[in-house]
Structure formats: C-alpha cells, structure tokens
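Everything on this sheet refers to the single structure shown next.
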Amino acid sequence: MINDTDPESFLRQHVGRTLGCIHSRPEFKDIKGSAERAVMDKELKSFIYGYYYYMISDSGRLLPHMFTATNEREFPKNVDQAMEIKLSSKPWYKIDENGGHSKFNHAGRICGAKFRVGEPIYRCKECSFDDTCVLCVNCFNPKDHVGHHVYTSICTEFNNGICDCGDKEAWNHELNCKGAEDNGRLEDEFDDHDGKISKMLESVLIELFDHFIDVFNQNIEPLTTIQKPLIAKLRYFIQNGKYNEQADMLRRLAYRNQYMDEEESQQQTPSTSLDPLSTLKDYAILVYNDEFHNYSQASAAIRQGGPDNKHIDLLTAKIDSEGRSLLRCSADIASLMGGFFSVQSNGLSCTITQWYEYLHQEACKYSIMWINDCLNIPNSTFQSLFRNAIGKVLCSKYEPFYQSIDMTSVVRDYFSDSYLSDDPYLYADHSVLGEGVKIPLGRHKSLDPGDISAISPILNKVIAEDHHEYTNSRLQYVLFLENRYWKKLRKIVQDLIIPTLASSAVHKPMFTDQLVEIFPHMTRSVTFMDREPQLTSLRESVVQLFTCPTTAYSIFHSGHFNYVIWSVIDVFVDFSTMDEGTLVWQRVQRSNPSKSYSISFKQGLYAVETLLSKITDPNLLLKPGEFIMIVTLCKLFNGAWKIKRKEGEHVLREDQHFIPYLEYTTSVYSIIQTFDKVLQQSKDHIDQRLLIGAINLLDSFLGHRNLSYKLYKDFEIIKFQISKERVSFMNPVHTLFSFLVQHVPLQVSIQVLSQSKDYLVISDFALRSVVLCSQIDIGFWVRNGMSVLHQSAYYKNNPEMSSYSRDIQLNQLAFLIEKNDFQRVIYNMLDRWELLDWFDGSVPSTETVYDDKISSIIQQFVAFLYQILVERDFYKKFDTLEETQLYNIKNAIIYKLYAEPLSYTDLLNDIPDYLTESVSQFDTVLEEVSTYIEPKGLEDNGVFKLKKELYKRIDSLRLLNMGNDFEHSATIVKSHLADSKEKRAKIIVKPQLLELDELDPCARELGSFTRTNLFAKLIFKLLKLAVSDSSFSFTYELLHLIHAIFRDDEMVNGKDSLPEAYISKPICDLLLSIVDSESGSFSENVVATADYLLDNMIMKRPTAVLESLTECFGTKYIADYKIRKANQGVNFEETEQERKRRLAKNRQQQIMNRFSRQQKKFMDKHEEYSAGNDEDVDMDGEDLAGELNEFHCSLCHDDVSDDFFVIPIYQNYSPVFLSSNPTPMEIYKPWHGFDNNEHLATYNTDLFYKKKENGASQLMHESTQKVLVSCNHAVHYRCFKHYIDKKRYSTDLFICPLCQTYCNSVIPVDTVKLQSGDRLLQQKLTGGLDESLLLTFSEYSSECNDEVGKIILSLKDSNNGLRLNRNDPTWIQDRFLTLSLQFSNNICMLEMLSRLNKDPFGTLLSGEEQKFKTLQNILKSLAVYTRLTKHTEENVLKFYEDIRSSNLPSYPFFRVVETVLRSRLSFKDCLQEVLVERLKGLTKDFGSFYRKYESELRAQTCLDSSEFSIVLKTTILGAGFGDQVEKHTLDLFYTFLISELLPTLRRSIILLKALKQFMTGGDDLDFNEKDVLSGSLTSESKEKHFHLLIRFLLQTDFYDLLMNSHSPLSPESSLVNAPHEYCSIIKLTDLATHLNTYVTNNKNITLREENDQKIRNTVNRLDYKICLICGVKIHARTDGLEMQKHMERCSHGSSGLFLIPNISQVCLYLSRPDCTVNISAPYLNSHGESGRNAIERGDLTVLNHARYEHLTRLWISNGIPGYISRVMGDEFRVAMANNRTFTRNMFWRPGAAFNAGGESSDEDLMNDDEFGNDDRPDLRFRQPDVELRINGGPFGGDIPIRLPTERGDIHDFFEFVQNMRGGMQGDGADIPTTEDIIEQLQGNAMNGFFGRADRNREHFELNDQSDGNEDGEDEEHENNASEDQDTEYSSAEEGFDFNELNNVE
C-alpha cells in the first residue's frame, strides 16, 4: 500500500482523503433515526479504530506486537480489510489490559500515566518537591519510601492527575521505578533504527490533527458569541421571507472541504426548485450541555424540540454525561426550524448542523479516543515512539495540505457590528481564528518602561502589542478551539494533550511557551466565551506546567510573565471601579449563570500564585516592572470591600456580598505570603537596592492618599470616624508593605519611611482595621447582623493571612518613625478609637458613641496598646531561616497546648500550614516542649501535654492567645504553675518581653512613647475609670499593661528604674484603692497584680510613692498599710541582709510544718493499731428461702410483682459455630490468647467463606446456631406493650427503652429464687436427683393465672429473614425449645470468648458479668416455660432429632446441657456419657485425619503421651492402626483428643457456674471442698488444664475415661458421627501488621477476590473493602451495595465488619434494618491516633491488638447490632421506620455515619459522638427486600405500623412521614390500644393481671414523659397520630394469633 518513493506523502494523502471523504461512505452517508444512529456510532468507531491501527502498523507487520492477546489470523491483510466493519465479532484491536500491567515500563521518559478512577495516587512527603508530585500504582516502589510519610488518595472524576515518575524536578532524589524494576529491556519490532516508524506515526497524526482543526475551525455555531446573533438573524430572515439570505448564511456556516467541493462539481445539476432552502439537505438539531439548566428544565426543553427518540430521560442523561446529543434530523431543514427555535427559546444551547458536519465531528471524537487507546498499548518502545510523535506533531506549525476555510468573512458579514470593523481584537473577542486561519491578535500587554518609577492609583501606563507572531502550532489551535468541543470531547482532548506533553522533557518547554503565548486568549475565553467554563484545560495545564521551577524561570526570563499576569489583571479590571481615587475590584453584578467569572478569577489568581511559588531568585520579583505588575493585581483588592455601620432596626436579611471579596482577597493574601516566602528562603541573595526600591514604590503608593485632616490642639490628625464612614477590613498591599519592611534593618526602614509625606496616612488604614474588628467584636455593629462578626473573626484569627499582626507592626512603626511627635500619634490613635473626646474630658465615659459598651471597647483598646508594646518578634534577630521557623513553631505549639492536651491532628489543625511544612522540624520542637501521653483505653487517642516549666513563658495578652479570654487564660497558667489555691493566689502572670540583645538595636526605643506624660495620663484616666466601677472588665488587662510598661523601662533604663511620669501621676493611689477594695469588688488576679505593682513601685521609689499615698490616704492609713505588709513578710524599710534572714527563717518553719503533716498522716493511716473496734457484727447475712430477686422496671422504675417481667433480647444466627475438617494448624496450635499472624493476612481459609444455601437446610442451619444477646434491663410486660404501641415499634424490631440497644424479641423471667439451691446443685453434680432440674425449677417458679400463661406462651421467637412454611419444623416457633438450644449456644459463645484471653485457662470464669447474667435470665425464662409447657415426648424427640441432623458443630455440648436439665442423672454421668461417645467418634476421625496429613504430621510438635501410652495403643486400634504404633503417632493422637474434648469440658464448667448463680446467687464454685477458681483453672498449659477439668468434673482421670470408651457402642448413640467443631481460637481474619501495606504494597497482599465482572481495572484499584470475617476483598460498586451483596452470598449472619484500608476505617454493617456505622480501624500511628487522622499524613500505622481483640469480641458475642443502634441513636430510629413503614420505596442510607474527609477529625475508636455525621448525604430509593407489614392483626389482617414523632435532629423528618401517611390513609380513624383489643376478646379476664396500683401507672407515665431518651410530648403526638389511622390495630406481638389462646393447654 505504501508508496516507496515518498511513503510519508502518500500516507498523508491516503489518511487525509479517507478522513475528508468519510461522509461519502455508504454506512454513514444518509441521515438516520435514533436506533440507526446508535448502530452507526459503533460502526464509525470500528471503522476509525481499524483504519488508524492498520495505517500505523507498517502494512500490518506490527499488529501482532501491539495486540498480543489477538490471534494473528484475525488481523487484516490489507487496508480494505482494516476498513471493514464487523460488529458481530470481537474487534481484533482489543488491548489486553491485564497483560499490560506486567509489561508496564516507561524507560527513558516521564511516566505521565493518567490516573484512572479507583486507582491510588501516591505522595511522599520526604521525596516529593511539593504536594503536586505524585506516583501511580505501577511506578510506586515501596522500597524507595521505607520510613517515609507516604499518603494516598483515590482517583475520582474530580481528583485526578498524571504520574510524575521520571521527572527529575519532581523528586528530591532519584527513585527506582517499580515498572523498570520488574521489566528488563527487550528487543522488539518497534526498535526504530531508521526512523521509519516515527515518520509513519507522524504522518498519520499530522493528518488526524489537521482534519480535527479543519472541522472545528468551521464549527462556530456552538460559540456563545455566535449563538445569539445567529438566532436573531434566522428569525429575521424567516419573519421577513428572506429565504435566499437564510440559505446563503446556513450554506456558509456548513462544513466544507476540498473533497466535498470535488464531489459537488462532479454531481452538480441545475436546481429547478424555487425554494432556496431546498438546496439545504440533511440537517440535524444538536443540543449542548450547559451550566444554566437543571435536569428537569433540560428535559422539558428537549421535549418541546420534538426529538425522534421517545426516551427523553435517556437524551437528557446523555447530554448531561457526554455534553451533547442529536435531537432529531431531517432531509428538510424547514421541518427542523420549529423544534430548533423551541429548544432555543427555553434557553438551551443548540445548533442546526448539517449531517455531514455532525459525522465529521463524531469521527474527530473517535480519532482522539483512538490516540488515547494507543497510549495504553503495553509496549514501552512503542509508547516512546508514539508519544514523541504526538509531541512533535502538536508542537509543530499547522501547515495542512489543503487550507481550511477562513471564517472571518462570515463573522464580519453576519455577527459583528460595523463600528467594530476596525477593532484589532474582533476575532479574539468572538473566539474565532483570524484571517488566513491564524491565531488572532490577543491582548498582549507590557509596562511602559518610562512609567515604572511609581505605582499609579489607577493603572500604570501599558503598551499593547498591535502585532504578535504566534507559533500557530497545532497545539495552539486545539487549545484555542476548546470552547467549541462538547464535554466528552474536551475531556479526552485534555487527557491526550496534557499528560503526554507535560511528561516529555523535550516537548514540555514547547508546551509551556505555546500555552503562555495564547494565555490571554484562553483566559478571556473562559471568562466570557465558554459554555462550560469548569471544563477548561487551563487549570490542569497550570498545575502540570507552572509547578515546575524550570518552567517558571523560563516564563520570567523570556518576559512572558507579562502575558500571564496582565491577562489576569485585565479580567479583574473589567469589573473594577474607582473608589476614593483608587481603582478597586467590585462585586460582579452581571448575570452569570455559568459562573465563568468566578472560575476565571480563581484560576487566574492560582496561576500567578503558582508561578511565584516556584521562583527561588527574589530579585526576579523585586525588579520594578515585575514588582509593579504584582502590586497592580494586589491593589485591586486593597480596601475593596468596605462596610458601613447600620443604625436603627436590625437587618431583616443579612448581606452576603462579602463572600466573593473575602474569597479573592484571601487568594491575594496567599500571593503575598508566597512573595514573602521567596524573600525569606533567599534572604542572603536579595539585592538591597531592589528591595529598598520596592519599599519606596509602596511607600509612595500607599502615602499618596489625600486624606482629610483636623486640628486638635496644635496637632494635625487624620479626620475619620469608623462608626460613621465606610471602612475596610482587608488591605493586602499594606500587608505586603509590612513584609518588605521586615526584610531590611529597622534603621534602614526608619530612614526610608521618615522621608514619607506623612507615615500616619499608611498606618492609619491598618489602625482602622484593628478598630473595626474591635468594634464588631464588642457588638457595636450588631445592626449589621452576624456576617460582620464572622468577617472580623476570619480576619483576626486567620494566621495564614498574617493581616492583623501586620497591622500591629505598621502601627509600631508609627511610634518608631514619629518618635519626635508622639503626641500626634497618640491623639490620632485615640481619635481613631473614638475615645479622644472622653480623654480630653469633653464627654463622660457613659456618653461616648459606645454608650454601655465603653468597658468592652476599652478592654480591646488596652489589648491593642499592650500588643504595640510587647509584640517584638518582628524585630528579633535570627541567624538562619531554620532558626526563625523553629522559633515560630515553638511559640505556636506552646500557645496551643497550654489550655489542654491535644492530639497530634488537632494540634496540626490549629497551627498555620506554613509552620508544619517541615514535619521533622515540627516533630523535633513538639518533642522538646511537650510530653506524650499514650492512649490508655480502647477509644481515646494519644495526646501531647505542655511541659510544666514552659507555662512561665506564656503571656495571655499576646497575639498568639488572641482568641481566648485573658483572665481565664491567666488562671489556667497559674493552675499549672502551682498545686494549691494558696500558691496560685501569690503567682503573678508576668509580661513576656524579648530581651534587648535579641532585638534589632532600634527596637529598644519601641516603648518610649509609654514613658511620656501624655501616655501616663491616658493610663491614669483608664485606671481611674476602672477603680470608679469595679464591674468594668478591663482592669486586669490594664494592670498587665502597666506591668509591661514597668518591665520595658527596667530593660532600657536599669532594674531600679521607674518612669517618672507614673510617679507624678497618682497611679500608686489607684493601685492601693484596688488592693484595699471591698471583698469581691475585684477578682483575686486583679488584686494580686495591683498589690505586686504597688510593692514594686514602693521598692524602687519608696519616698516619692509613700508621700503620694500619704497625701491621698492619710498618715495613719499608710502606717497601718505598712504594718499589714510587714505581717505579710514585706518590709519596705528593711535592709537586704534583714530580708535574707527573714526568708531563711520562713523556709525553716515550712520544713517543720511539712514534717508535722506527714506525721499526722501516718498516725491516721495506722489508727487501727492504736484503737479497738467494739462494734457488733451482723452475722445474719443469708437470703431467706423463696425471696424475690431484685427486679426494677426500666420504664416505670417500680418492682411490683403483680405483673411479670420480660427482658429485651437480640437473637440471631451467629457464624462462629464452625464446622470443618480438622487441620494440623488447628489441632496442634497452642492457645496463647488473641493473636494476629501477618503471614496469614490473605484470607481466612474456607472457614467463613461459605456460600449461603437456600431452602430447608439453610433454615435449619441458621435456626440451630442462634445466640442470644441482652442488655438485661427488665421491664414490666404491660409497660413494654405500652412502650411498643406508643413508639409504633414492632416486637421483632425495637430498641431497649433504657440503653437504646437493638432488640428483636423478649423473654419472660421468673422473679423467685430457688430454695436449697446449694444442696440441689451438690446432689446434681455427683449423685443425681429424683426428678429433672427443669421440673425442679417449675416447682419453685412463681404462680400465674391461665391468661398470663397464654400471653407468655404467645411470645414468639425472632425469625428475621426466614420465610416459614408448613413443611418447616414446628419447634422453630416453640420458645421453650429454642431457648434451651440458645442457652447451650450462649455458653459455647462464652467459652470461645475466653480463648481470646492472654490466660485462656485461668480466666475462664472471670469477667463477662453481663453475659453470665444473660445465662441466668435464660434459665429464669426456662423456669417459667417449664411450668407452662407440656410438651409431648414425640415433639421433644423430633426436636432433638432435627438438632442432631442439622450438623450443629456444638451438638455434643448441647447433649450435655439437655441431659443435665432434663434427665435425673448426675452432672458427672451426663458429661461422661457424652465424652465416651465422642471418644469413639474422635478415634475414628483421627485415622482419616492422619492419613490425609501424614507427611505434614511427621514434623509436627505435640504433647508427650508416655503416661497414657498403653491405653492409647489400645484405643488407637479403632482408628485403623496396627499393634506397632510409633511413639510420635501416639503423641499426635493424644494431642488430637485433648484439643477436641477440651471445649466441651470448659463449657461444662461454665454451665456449672451458670447453674450455681441461678440456684444460689453465688459465684464461687467450691464443690466437695474443691475450689474451681484456684484449682482446675489455674494451669499453664492446655494439657494440664484438660486433666484438672477431667478430675474435677468426672472425679476420675483421663485413663479411666479412655478405658470406658472401649465398651461396645450403644445403638442409640448419635455422637460418634457428630460434625467436627473448630477447636482453635476463633477470631476475625488476620490482618497486615501495618495498614500501609494494603495501601502502598497492595500487589503483594494476596486476597481472595470477589469482584463484579462489570468493575474494570480491579488489579490497580484501591477503593475496596476487606470482609473481616472471611478476608475477602470486595470492590466498590457504583450503587454502593457491595457489602449487602457480599452478605447475601456469604453465610455471615445479619451483621458484618469491613475494613476500608484507604481511609483506615471499619464499616459495621447491619442488614435489618439496613444501616452502617463507620468506626476507626484498629490501627494506630506513632502519635496514638486512629482512623483517617492516622493515615492522612502518611504515618506508619500499626495494628493495635487490644482494639482488634475488642472488635473480635464484639463480633463473637453478636454485639454489633446493639452497638450500631446505640451509636446511631435517632438515625437508627429512622432506619427502623424505613424498614417497617414504606411498602414500595424506602430511604436508602448506604453510609449512615461515614466520616471520609470531611474536615472533622476522627477523635476516638468507637466514639459515639462522631458517628452521627454522614459523608454521603444523597438519599436514594430502592425496592425493599421483604414485605414491610407485620402480621398478627386481630382478625388475621396486617398491622400497618406508623412512624412515631421523635425529638432531635430528625424531628422534621418524622413529621413529614406522619403527614405523608396521613394523607395516604385518611384522617379521623380511632385506633384501639392493645388493652382494648384484649378486653374485647377476653372480657375482663385480664383485669387482675394488669391491675397495678394507680400510683404505679401515674409514676410510669410521668417518668415516661420526662425520660431523656423518649418523647417529652408523646401524649400530644399520640393523640395527633391517632387521627391518621383507619385500620384495625392489634397487639404489637408479631405472629400473635388470639385464636390460639383458647387452644393453649
């Protein structure tokens, strides 16, 4: 096929012609209906793919190497075969995805792989340049990151990117790619030695992209700039009958190419029609997606357009997902115009497009998709060649064989106004290519070199380019035309271009240069001309390109930074206005439904910030041109958002206009922070001339304001009143100015700024922000609503912006610069705080503008003055940047930890991000200043506590503590510094001022203004005001300020110095007034501080101060004061020597006092030895026979006995009863308690992974393996019925009224103790009884009448999920029989739990009190049923026969329980009978076991059987062994028997304890003077434990037991063939030691897969769960039902646990009601944190065995449902309501408490407070699996259960459901109560039973109404609810058939 003379030219012509003539192929030529279009779509894709692949295969030679999974016979032999369309067969070009993973390699290039949904995105804190550098699953090599902080995220549609592996700039050191490690370099057919393959690829790609550009160059109709005028033109032509003009315009808009022209010239025939539109054939209506309409609006518009597809929803869904869809097509264009205008009139974007053009656009789409498919071919050589070819073709100039049609004439003729004809930006503003099909001229600007000496308040002069030479590359064309593509096409174009070019070292610089060239075009396109601006490629391009330092430098050095920043500035300037002489941005007030303005604003600011952040040379940014451009952008937001205080009425609707200002100004602050960071990191390389020049530029700009002044005394101060005028919070340029000043010596700053016109003009704006925040904080702006309060808090407390602290620094500079004019600065400051009139006495404090808030504003004012004086970190000298960072980190940690210990995550969240960038620095400082406290329980996290000695460094009035109350903070500090209250009262919290030698020399004068007479006067007036009214809240802060002033004076002028101004003003008099004030007038802190300051003043200047005090208070008063102080140890006149002597004497007295206290404590402790106790001891401690047990109703809290008690229970199938073939690991593994074997962390064999069977066998399986769980909260039956009725619960679905535990049934309990319990038990243990225990129970159980008995017998068992039929066993519904079986199962479960203990033998009977109490309650219930039930022997025998045939693994022990309770035999005989039969069966089983594992058993370690060798040799003959048996075989047999029999023996001991507790109430088991607790259970090994139990229980030894087993087998024996029960430790699946293993080394963890065939790429996906029961990996499904599906497949019961590795959580799942709770996984990091917090920073997380054991115990004991109900609280009630009420649809909550990300932290494992959040708020509906009506109505009908109205967060939801059901069922029905129905059917027979005293009923009702867990308004709700029901209402008992009452005997 290839022409050898010029193959490239021939190939290009062939591809060009094929693409250009694709419309003429028979398969695609004619228009088609909706069904035909669907087929054509597949045909077009098949044609495109097959043709392209063949054209790049060198005539098919390379196809077998590209598609290795395809048989060579299926490949086409020539191009014609390649172009054949065969939809019926599998395409031959299918890429083998699974095979590709093993062959992945990107040797010699950057990986650049696009992340696919579900795949992990890896980041390494230590290795990466920044957070944008990521690795894919194929490249990530765990060996490179051992000990590093590796953290992952999951790729989603909105969180994606490309792999940076191989990019040297992305990583701090070279990485070893996993793909390169696994694959060697192999020679293949793609080695391109002669360049032939490259040229072939380039030729195909050139024509592909040229055709693509040609098609979309002519496709201008979708442009937003064209659509409106186009519609207007069409309407004008049609309305005025100008059909020729209409046809001409449509013809010029249609797509044309040279091949079409050739075809028309050959087929042209003269038209005879008079209708000009008849020449326009085959048109279609295309509807495009936009961001203006919702789903329903789009559907309505489409319906009006008359689509040819009746499935409107499918069309709408396609438009939403793909971005466009074809509505209908027709050969007659006139028939389409009505539909076209109908869709347009509804606002949807649509075009009327020729069929050929639509076909070519679709071909272009598949062409791009084909390129993306090629990028997945698993051949590294091909990938290198293909990617290089793509880069070369895209970055080269667009020079097609045939020039595309120039559309500029169409734009000029139809879509532009005449006055715009000379506009140079006409085509750019219409987003069309310019003349000659070139990139049109854009807005490229640069600063005028002659205007860089100052920053204009408006805009500096710029030079706009009138001509620009663009590269005109294919890349620029494809990006420029982007806003014409629809959603799907845009996405695949971006997936092609950005990863491919950004990952190429050769083409990445070209990509950058060409993108920056058209950056102005793309920015304006996104802003004004994009239908879907959120899909722009600009954002992703910026992320991939501008984050590269080399790229950033090239942009600056090439001068192209102008293009970027001026395009951003231009967009903002378009929305700016003049305000007080400056140009500032204002909120957009134009209609913008696409939100393109917001997207463009954010994108532009992000681009600038990203570029600046990658610059390391600060001089690039300080150059006048670049600096002015950056400031020009920032100054648009300097004071942009101004607010004015409102007066009068409160606002009805708060102003939310501040949000965009806040959002964009915050981004500007980020740019400034980035700018400062660049200066900090390269401080030694800063050109000081450039820096000073930048300061001068800002000084002149900020000082240019012409402000109004007013004359106060002799000083000109600025005239401004914050409470009356418009004022702004944020001034980012002032913040930048503060940063710059800090980078030069303070002396230089003062010299430069002293030349300012008036520095107060600059500092005053910062002062306004401070005052504004203070006024808002005190509630002075309350009329403006809450929004201003949020703004103020955001401004002050956002350390990332540093704005508030910078305002403080600018005001500090005012005192340093204006040091010769302090009075003016102070007066200006007082005026700005609006306190000047009060200060000069013009108005009293009560008549200022603040009225009653004067105290609060002065408190803020004093804090401001203190910060001006004390905040000196700005001037602290540091040698290195690291020293600066460590200092700031240390201060931040100290001030966050002093109030309370914090977890690591909470601490990080409270500290600015820029201080936590270096993890090592942060951790080093944290270790230095804090003490780590490990988590002590199962639910808490590790916390860090501040070291005690550091509390002395805390200053509660500093900026670091600004968010906390000063006095409260001081109290906390004092409480940590002193242990007793007396000591705390003496402690004075001192101001913390940096020493002068740590500061810049000029900073020593910062406090000079505080020593002036004017300032001393201010302090005096403030203190006088505080003394005049002790209720003022600023006194403590004011005293702290005075303390700081004295401390600063000491530092400057010496230790004994005291400012003269503070002596001349009688401040000391006021201090004494505070000290001697009445008790309670001032707080202890205030009095102590005042006393300290007064002492300090007297000590320094005793004469002057005492004279002032005497003059004020009188001589006698001061004399008394001196005496009082002397008594306190303060003598103002004593010498230094006298003071030392006095202190020594005091210390001696303290020592003697301490000794006396210790002596008294010793005597008190040993008082018993010195005094006798003659009190009598009450020896009568025994219980009376027949005494009632103490039962109290949980609802009415009464203990009356005329109503029987029931216990709420939860009973359900448990999967822990494992039946399986024995294995050596199970039999011979010793018990050492709960453990975890990382090497087994694959899957838990086949123990738990069992497919659920249907039918009778599954019913029997689940019915016989139920366990019963209870909270053991008793309740009267009548109270219970009333509770169920009122709450509208069902008896098989309710929660305990006391503890909110999920229950599904109740059991009645007897309240009478047995008489002579000890004697009976002793007899049963050894000698037997005259009758069975059950009959003995019945004799002592309480009497009840027949009616009560019938009620008790009607209580049914819970059969959740079981559908009974007439063939099912009757005993399943017999509560007595099922309870006896569940009693046995509960004991088995309790024994399994004890195996998890560290000492499984000694702790068998210790702990688990609740579970033993449950066993007692079951026995009490059996006692009740024994009296009432008269089972026929036939039913009982059938019951036991069914149990025997059900393969119940614990059947042997059930036989023990059954014979002990029902037979007259002794306990010993019952047990021995079972053990003997089991020995026979086990002997037989050992034979098959040995033969199966013979080779493995030869090396097995086991117990020594020497003591029993003789009898074992005889016994083993039954296993098929001969007489000569090896010693090792006997040892194996001996160990086998012990392992198999031990569980039954242990359970028998538990049975004994349960009987002992039930019959006697005691816990100790001492039979025949043998103490079980200290005897049989105290053993170190399984063997010793076994023999001790044998001796105790059977009063014999193992030898005799073996001998007894030699007797002949009884024909009735059923235990010989009993199923084998798993006898090792039962637990959840083994897990990896480190959770990170699942995340970072996923491929090395072999897990059983349970993936859905519809889920793709399962090998690399990380969004999976692990079933902790069976260890199966379950991949996420789109419908969120993966857990439910797994539970349906596996026999796990109704609840499950699923580990979610990627978020470190465990999902607890409950199937009925369907709900989930997410808790932290049992993994902890080094900081003691769990859950998301443990892994979000990449910390190594280790499995915590205690927490995992706790989860295991929760699972074994069937406690997950109860735990879920308690955690969910009200949400569980909603889940129950959904499960019972909705008969067709139900709210489906797949993750009721899922916590992924949000931003709240995971505090504790199983923290009930944290599980109410829902990260998946969307509610979906689905069909319920079961009928949601309960049977048991009074006349055979169903009971419709209505929802109760509940309080709490879901109150409104309950009301909604109630109203909905009321509307469905009607109103006015009278609902009878359960009591009414019973009385109606049974007469008054029940009156005696329910006849409790009135006081009890009243007590119950009152208590029920006040119960915190119940409704306080139940009466009201119940009355209201009764009106919404019109059907019969019966007893709440499910399955309660009243007709059966008369049949009960």
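First residue of the sequence shown? That's 1 in full-length UniProt numbering, and the numbers climb one at a time after it.
Ideal placement from N, C-alpha and C gives every residue a C-beta, glycine not left out.
Please read all numbers here as calculations on a predicted model, not as lab measurements.
Taking 8 Å as the upper bound for CB-CB distance, F864 and V788 are not in contact here, some 19 Å apart.
Burial of Q227 is indicated by the presence of at least 16 other C-beta atoms within 10 angstroms of its C-beta.
In this structure, the straight-line span from the alpha carbon of I497 to that of F511 is close to 9 Å.
Contact holds between the stretch 1453–1467 and the stretch 1377–1394, because three or more Cβ pairs, one in each stretch, are under 8 Å apart.
Note on geometry: alpha-carbon atoms of P1215 and H1239 lie some 24 Å from one another. For E84, the secondary structure class from DSSP, reduced to helix, strand or coil, is coil.
Between A317 and L385, the alpha-carbon positions lie close to 39 Å from each other. In the three-state scheme derived from DSSP, where H, G and I count as helix and E and B as strand, I1307 is classed as strand.
Among the bridge pairs identified by DSSP, C329 is matched with A284. The beta carbon of Y1748 sits closer than 8 Å to the beta carbons of F1234, N1236, L1628, L1631 and P1722 from its chain, once the five residues preceding and following it are set aside; these are given in chain order. Counted as a single uninterrupted DSSP element, the beta strand (DSSP E) harbouring V1269 occupies residues K1266 to S1270. With three or more CB-CB distances shorter than 8 Å, the stretch 1039–1057 counts as touching the stretch 991–998. About 6 Å separates the CB atoms of K947 and T931; that is less than 8 Å, so the two are in contact. Taking the Cα positions, E435 is about 8 Å away from M407. Note on geometry: alpha-carbon atoms of T1264 and V150 lie some 48 Å from one another. Cα atoms of A1554 and F1412: separation of roughly 7 Å, rounded to the nearest angstrom. Taking a contact as a CB-CB distance under 8 Å, the pair L1537 and L1479 counts as one, their CB atoms being some 7 Å apart. Residues P1208, C1271, H1273 and C1303 of the same chain have their beta carbon placed closer than 7 Å to that of C1296, with the five preceding and five following residues left out of the count. Distance from the CA atom of A793 to the CA atom of D448, rounded to whole angstroms, is 41 Å. D1485 is the residue among D1485, P26 and S46 whose C-alpha sits nearest the C-alpha of L1532. The alpha helix (DSSP H) runs of length 4 or more contained entirely in the stretch 1368–1415 are, from start to end of the chain, 1375–1394.
Judged by DSSP in its simplified three-state form, K757 adopts coil rather than helix or strand. Following the DSSP letters along the chain, one finds P732 inside the alpha helix (DSSP H) bounded by residues P732 to Q742. A straight-line Cα-Cα distance of about 12 Å links M1768 and P1713. In this structure L950 is not in contact with V925, their Cβ atoms being roughly 12 Å apart against a cut-off of 8 Å.
Residue burial is scored here from C-beta neighbours: D167 has at least 16 other C-beta atoms within 10 angstroms and is therefore classed as buried.
Taking S34 as the centre and dropping the five residues before and after it, the same chain places the C-beta of D308 and N309 closer than 7 Å to its C-beta, in chain order. Between the C-alpha atoms of D764 and I817 there is a straight-line separation of about 14 Å. For L1710, there is no enclosing alpha helix (DSSP H); the enclosing beta strand (DSSP E) covers residues Q1705 to S1711. The beta carbon of E917 sits closer than 6 Å to no other beta carbon from its chain once the five residues preceding and following it are set aside. The way I'd put it, the stretch 669–685 does touch the stretch 799–813; three or more beta-carbon pairs between them come closer than 8 Å.
A straight-line Cα-Cα distance of about 59 Å links I368 and K936.
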